[in-house]
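Beneath this line is the structure, given in structure tokens, with notes to follow.
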Amino acid sequence: MIYSFVGYYSLILGLVIGLSLFYFSYQNFNNSNKLDIKIISFTFLQLFFVVISFLCLIFSFVVSDFSNETVFNNSHTTKPLFYKISGTWGNHEGSLLLWLLVLTLFIFLFLIKTKNQPVKYKILTLFFQQIIIVGFFLFLIKTSNPFSYIFPTPTEGQGLNPILQDPALAIHPPILYLGYVGSSIIFSSVLSATSLKIISMSWASHIKKWILISWIFLTLGILLGSIWAYYELGWGGFWFWDPVENVSLMPWLALTTLLHCILVLEKKSYLTSWVIILSIATFTLSMCGTFLVRSGILNSVHTFANDPERGLFILIFLFILIFLSIFIFFFFHNDDDKKSYSFFWLSKETSILINNWFMMYFLSVVLIGTVYPIFLDVISSQKISVGPPFYHKLIIPFLIPFLLMMAIGPKLKWIKSKLEDKIYLISFLIISIILAFLVLKNFNQNFLINTILISSALYLFFITLRDFFVKKYKNISQNIAHFGFSLLILSILFNNLFSSEVITNLKVGETFENSKTKIIFESVDQKKEQNYNAIIANFFISNSNGEEDRFSPELRIYNQPVIATSEADIKTTLMSDKFIVINLVQNQDFFNVRYQVKPFMLWIWLSVILISVGGIISFLQKRL
Amino acid sequence: MKNKVLPFSIIIIFGIIFFIFYKSLKDSKIYTPDVNKRKDIPKFNTKEFFSGENMESSSIFELDKIYLLNIWSSWCVPCRQEHSFLMNLNKDNKVIIIGMNYKDNLKSGKNFLKELGNPYKEIFIDSEGTIAIDWGAYGVPESFLIYNNEIIKKYIGPLNQQSIDEINLLIK
Numbered sequence: 001m002i003y004s005f006v007g008y009y010s011l012i013l014g015l016v017i018g019l020s021l022f023y024f025s026y027q028n029f030n031n032s033n034k035l036d037i038k039i040i041s042f043t044f045l046q047l048f049f050v051v052i053s054f055l056c057l058i059f060s061f062v063v064s065d066f067s068n069e070t071v072f073n074n075s076h077t078t079k080p081l082f083y084k085i086s087g088t089w090g091n092h093e094g095s096l097l098l099w100l101l102v103l104t105l106f107i108f109l110f111l112i113k114t115k116n117q118p119v120k121y122k123i124l125t126l127f128f129q130q131i132i133i134v135g136f137f138l139f140l141i142k143t144s145n146p147f148s149y150i151f152p153t154p155t156e157g158q159g160l161n162p163i164l165q166d167p168a169l170a171i172h173p174p175i176l177y178l179g180y181v182g183s184s185i186i187f188s189s190v191l192s193a194t195s196l197k198i199i200s201m202s203w204a205s206h207i208k209k210w211i212l213i214s215w216i217f218l219t220l221g222i223l224l225g226s227i228w229a230y231y232e233l234g235w236g237g238f239w240f241w242d243p244v245e246n247v248s249l250m251p252w253l254a255l256t257t258l259l260h261c262i263l264v265l266e267k268k269s270y271l272t273s274w275v276i277i278l279s280i281a282t283f284t285l286s287m288c289g290t291f292l293v294r295s296g297i298l299n300s301v302h303t304f305a306n307d308p309e310r311g312l313f314i315l316i317f318l319f320i321l322i323f324l325s326i327f328i329f330f331f332f333h334n335d336d337d338k339k340s341y342s343f344f345w346l347s348k349e350t351s352i353l354i355n356n357w358f359m360m361y362f363l364s365v366v367l368i369g370t371v372y373p374i375f376l377d378v379i380s381s382q383k384i385s386v387g388p389p390f391y392h393k394l395i396i397p398f399l400i401p402f403l404l405m406m407a408i409g410p411k412l413k414w415i416k417s418k419l420e421d422k423i424y425l426i427s428f429l430i431i432s433i434i435l436a437f438l439v440l441k442n443f444n445q446n447f448l449i450n451t452i453l454i455s456s457a458l459y460l461f462f463i464t465l466r467d468f469f470v471k472k473y474k475n476i477s478q479n480i481a482h483f484g485f486s487l488l489i490l491s492i493l494f495n496n497l498f499s500s501e502v503i504t505n506l507k508v509g510e511t512f513e514n515s516k517t518k519i520i521f522e523s524v525d526q527k528k529e530q531n532y533n534a535i536i537a538n539f540f541i542s543n544s545n546g547e548e549d550r551f552s553p554e555l556r557i558y559n560q561p562v563i564a565t566s567e568a569d570i571k572t573t574l575m576s577d578k579f580i581v582i583n584l585v586q587n588q589d590f591f592n593v594r595y596q597v598k599p600f601m602l603w604i605w606l607s608v609i610l611i612s613v614g615g616i617i618s619f620l621q622k623r624l
Numbered sequence: 625m626k627n628k629v630l631p632f633s634i635i636i637i638f639g640i641i642f643f644i645f646y647k648s649l650k651d652s653k654i655y656t657p658d659v660n661k662r663k664d665i666p667k668f669n670t671k672e673f674f675s676g677e678n679m680e681s682s683s684i685f686e687l688d689k690i691y692l693l694n695i696w697s698s699w700c701v702p703c704r705q706e707h708s709f710l711m712n713l714n715k716d717n718k719v720i721i722i723g724m725n726y727k728d729n730l731k732s733g734k735n736f737l738k739e740l741g742n743p744y745k746e747i748f749i750d751s752e753g754t755i756a757i758d759w760g761a762y763g764v765p766e767s768f769l770i771y772n773n774e775i776i777k778k779y780i781g782p783l784n785q786q787s788i789d790e791i792n793l794l795i796k
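Protein chains in written order, with the working numbering: chain A, 1 to 624; chain B, 625 to 796.
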């Protein structure tokens with residue numbers, strides 16, 4: 001009770017501070033050349049109240065205070081403590097409170113960390129950020145109050161959705177939100193810098209750090225979500241092109257492009273329009289993602305309880321921000337600088353620009369695939385679903401030039417460069433093609449496209465690998481990230497091409513056998529845990545190479561709420577994953593068994609970690 | 625301002641997007657799959673098993689006739705078990721049996737039929753398993769009883785005497 005009370009009024013106080021900050025920033029903007037100390041302390045106070053409110057919600061979950069509606073709907077006394085805490089953000093209200101926490105945290109850090117930038121710029125950034133913050137305060141208090149009372153107090157809660165009871169997922173939302181919501185500071189800052197016309201090289205190197213932070217967290221957040229989907233959803237895949245996954249991929253694509261543009265801007269002060277539009281796009285796409293997920297327009301594992309009022313609020317708020325940014329962009333930004341925009345064709349900036357266009361292409365494919373079904377439904381009431389083939393067919397062919405540009409681009413110099421003494425560039429290409437050919441020799445499906453695809457990925461792999469030994473520490477972060485990307489594409493390709501799958505229905509005691517695999521369904525056990533009962537199936541699987549393994553996939557029946565889930569059993573080794581999952585077949589004594597051997601699974605995770613390590617190194621590097 | 629067209633067109637585009645999102649908020653998108661509900665059979669394009677010729681689903685299933693669609697594969701052990709039931713069912717000539725050859729090697733598929741007999745009036749191939757997804761199949765074997773282009777009943781796992789009796793009862 002007391003926690004809900006304190007939490008709720010902390011939110012109100014935070015909102016009041018937000019409103020008062022509009023006034024202070026207006027006053028400070030007109031009258032002073034120094035940042036008013038009141039602004040910093042009030043921003044801190046706002047953060048403080050949001051933290052208090054957040055802690056109150058966590059405590060309500062920990063002590064299972066069911067007079068709080070959010071706790072009642074999403075927790076249960078039998079939950080382990082870890083999942084009680086993670087339940088705090090495993091629901092609509094709590095996750096929005098987390099949004100707010102990140103929003104206020106970032107603006108506070110921004111104010112105290114930003115030096116050497118005009119005071120007016122800082123104040124204006126605060127102003128724009130406060131628009132977002134106040135919007136979310138209103139949204140939270142009006143439509144999704146995490147501290148609503150229920151009376152009479154229920155004795156027991158509804159429980160947390162079992163598929164959310166997973167360690168990877170417990171930390172997935174906070175990490176992802178740091179990335180998502182972190183992009184708000186880029187948005188505010190770019191609007192303020194555009195209005196004040198101070199977009200310059202020094203601004204670029206200042207904002208680059210913030211872009212990197214968002215980018216690192218977004219990358220890791222997506223990775224965690226993907227790992228969770230692989231282990232928990234039991235489909236044996238790591239990316240399903242589910243609308244909600246796409247919604248997190250779109251800001252990532254925009255942010256990655258932005259990161260490359262900001263590098264050009266930092267060095268050459270080109271591409272200012274790109275930077276502005278991409279900064280706006282990144283945050284708008286994050287918001288749009290929130291809208292799509294929370295309004296219930298999309299149906300997916302991430303959709304929480306739906307309420308059209310919430311959807312409407314975010315929609316209006318989102319479009320206010322969009323129109324505000326369009327206005328600022330066209331009103332304040334005039335791009336007809338005197339500088340000539342003609343790049344020499346063979347230069348670093350050209351190659352970055354080319355890959356930017358590719359990224360924009362990938363982004364539009366994902367965007368269209370995600371929202372087109374909604375549009376079609378409204379316009380013609382037809383229901384379609386866009387699946388992996390759409391994305392694969394449209395994206396994969398364009399990866400080839402994209403990978404090649406990634407390999408060659410960093411070799412080029414700014415402004416103008418020549419390809420001298422670059423015999424190794426060509427010889428590496430030949431080696432890659434030969435290698436790819438050898439690997440795929442016995443593979444007859446889509447031979448040509450796969451060979452070309454693998455050669456270009458191998459090419460990037462070799463070029464970046466070579467650079468680790470040649471260019472010592474010159475641009476290690478970029479090299480690691482690009483190396484990681486080549487590894488990612490290679491792992492995904494090999495994973496797709498060389499996985500094998502057996503789907504069959506078996507009874508206890510039966511054996512399945514084909515030329516490569518022998519699956520013996522030995523026995524079934526039962527297990528009781530605090531929050532679920534499980535049926536454990538024991539399998540003995542041997543393959544033609546003489547490898548033998550025992551697997552025990554589970555079917556879990558969670559008690560609060562009663563939901564059955566399939567828990568895959570996965571044996572991970574360096575080179576491949578063996579994955580088995582069972583399902584109950586309705587009204588039959590058969591189990592549906594799905595056994596997969598997936599090569600290079602581990603490398604997909606490792607390469608994404610490598611990509612973010614590239615970002616982390618770049619973030620830690622001191623500019624000379 | 626010299627160029628007013630661009631900002632205005634962008635604003636109009638976003639206005640339209642807003643409107644569409646707004647409209648789609650109005651109707652609920654909650655979709656619950658229901659296994660037992662009668663539903664129309666999906667439409668698909670495929671290839672004929674023996675000749676490799678392209679064929680459409682509409683040419684396979686006609687209205688007013690009863691079909692049993694059986695998903696099978698030569699590598700699937702339970703398919704072997706149920707095959708004799710399918711052969712017997714075919715003798716009675718009450719139901720037209722259609723085969724969907726699932727993720728199979730064509731050669732071993734043909735050997736399978738040579739060895740055990742061919743109860744199917746027509747067989748089409750689903751080499752990537754995508755058509756089976758449209759049908760809502762979990763795996764092989766699985767059978768669908770179809771009448772008037774509607775799925776009447778779905779059998780997961782191999783058919784046995786009990787399910788054959790039920791089919792005979794249903795098609796009377």
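Where a beta carbon is used, it is the ideal one built from N, C-alpha and C, also for glycine. Since this is a predicted model, take the numbers as computed values, not measurements.
Residue i at chain B interface by Cβ criterion, 9 angstroms
{"i": "Asp377 (chain A)", "result": "yes"}
{"i": "Val510 (chain A)", "result": "Looking at the sequence provided, one finds Glu at residue 510 (chain A) rather than Val. Yes, its Cβ sits closer than 9 angstroms to a Cβ of chain B."}
{"i": "Leu610 (chain A)", "result": "no"}
{"i": "Ser246 (chain A)", "result": "The sequence given here places Asn at residue 246 (chain A); Ser does not occur at that position. Judged by the 9 angstroms Cβ criterion, Asn246 (chain A) is not in contact with chain B."}
{"i": "Pro553 (chain A)", "result": "no"}
{"i": "Ser4 (chain A)", "result": "no"}
{"i": "Phe332 (chain A)", "result": "no"}
{"i": "Ile374 (chain A)", "result": "yes"}
{"i": "Ser410 (chain A)", "result": "Per the sequence shown, residue 410 (chain A) should be read as Pro rather than Ser. Chain B, which has no Cβ nearer than 9 angstroms to the Cβ of Pro410 (chain A), makes this no."}
Whether residue i touches residue j by CB criterion (9 angstroms)
{"i": "Ser648 (chain B)", "j": "Ile52 (chain A)", "result": "no"}
{"i": "Ser183 (chain A)", "j": "Leu255 (chain A)", "result": "yes"}
{"i": "Lys650 (chain B)", "j": "Pro308 (chain A)", "result": "yes"}
{"i": "Phe136 (chain A)", "j": "Phe642 (chain B)", "result": "no"}
Integer Cβ distance of residue i from residue j, believed to fall under 8 angstroms
{"i": "Gly90 (chain A)", "j": "Asn74 (chain A)", "result": "6 angstroms"}
{"i": "Leu403 (chain A)", "j": "Ile489 (chain A)", "result": "7 angstroms"}
{"i": "Gly723 (chain B)", "j": "Asn694 (chain B)", "result": "6 angstroms"}
{"i": "Asp688 (chain B)", "j": "Asn742 (chain B)", "result": "In fact, because the Cβ distance is near 25 angstroms, the residues do not count as touching under 8 angstroms."}
{"i": "Asn28 (chain A)", "j": "Ile39 (chain A)", "result": "6 angstroms"}
{"i": "Phe49 (chain A)", "j": "Leu103 (chain A)", "result": "Not confirmed; about 13 angstroms, so no contact."}
{"i": "Thr88 (chain A)", "j": "Ile58 (chain A)", "result": "5 angstroms"}
{"i": "Ser351 (chain A)", "j": "Met287 (chain A)", "result": "Actually they are not in contact, since the Cβ atoms of Ser351 (chain A) and Met287 (chain A) sit about 31 angstroms apart, beyond 8 angstroms."}
Partner residues on chain B for residue i, Cβ-Cβ distance less than 7 angstroms
{"i": "Ser295 (chain A)", "result": "Leu649"}
{"i": "Ile320 (chain A)", "result": "None at all; the shortest Cβ gap to chain B is about 10 angstroms."}
Residue i: contacting residues in chain A (beta-carbon distance under 7 angstroms)
{"i": "Trp699 (chain B)", "result": "Asn514"}
{"i": "Ile634 (chain B)", "result": "Ile326"}
Neighbouring residues, chain B, relative to residue i (Cβ below 8 angstroms)
{"i": "Gly311 (chain A)", "result": "Leu649"}
{"i": "Leu315 (chain A)", "result": "Phe642, Phe645, Tyr646 and Leu649"}
{"i": "Thr504 (chain A)", "result": "Cys700, Val701, Pro702, Gly763 and Val764"}
{"i": "Phe323 (chain A)", "result": "Ile635 and Phe638"}
Closer than 9 angstroms to chain A by CB, residue i
{"i": "Phe638 (chain B)", "result": "yes"}
{"i": "Glu790 (chain B)", "result": "no"}
{"i": "Thr754 (chain B)", "result": "yes"}
{"i": "Pro666 (chain B)", "result": "no"}
{"i": "Gly781 (chain B)", "result": "yes"}
{"i": "Ile776 (chain B)", "result": "no"}
{"i": "Lys727 (chain B)", "result": "yes"}
{"i": "Asp658 (chain B)", "result": "In this predicted model, Asp658 (chain B) has a pLDDT of only 46, less than 50, meaning its place in the structure is not dependable; the value taken from the coordinates is given anyway. False, the Cβ-Cβ gap to chain A never drops below 9 angstroms."}
Where residue i meets chain A, residues with beta-carbon distance less than 9 angstroms
{"i": "Val629 (chain B)", "result": "Within 9 angstroms Cβ-Cβ: nothing; Val629 (chain B) doesn't reach chain A, min ~11 angstroms."}
Cross-chain neighbours of residue i in chain A, by beta carbon under 8 angstroms
{"i": "Gly676 (chain B)", "result": "Per Cβ cutoff of 8 angstroms: no residues; Gly676 (chain B) is ~16 angstroms from chain A at best."}
Neighbour list for residue i in chain B, Cβ cutoff strictly below 9 angstroms
{"i": "Phe590 (chain A)", "result": "Pro702, Ile780, Gly781 and Pro782"}
Give the list of continuous alpha helix (DSSP H) stretches no shorter than 4 residues that lie fully inside the region 626-710 of chain B. You should have 629-650 and 681-684.
May I have a chain-ordered list of the alpha helix (DSSP H) segments no shorter than 4 residues that lie completely inside the region 340-420 of chain A? The region 340-420 of chain A contains these whole alpha helix (DSSP H) runs: 348-380 and 388-408.
Residue ranges of each beta strand (DSSP E) within the region 482-520 of chain A, 3 or longer: Listed in chain order, the complete beta strand (DSSP E) runs (minimum 3 residues) inside the region 482-520 of chain A are 500-506 and 511-513.
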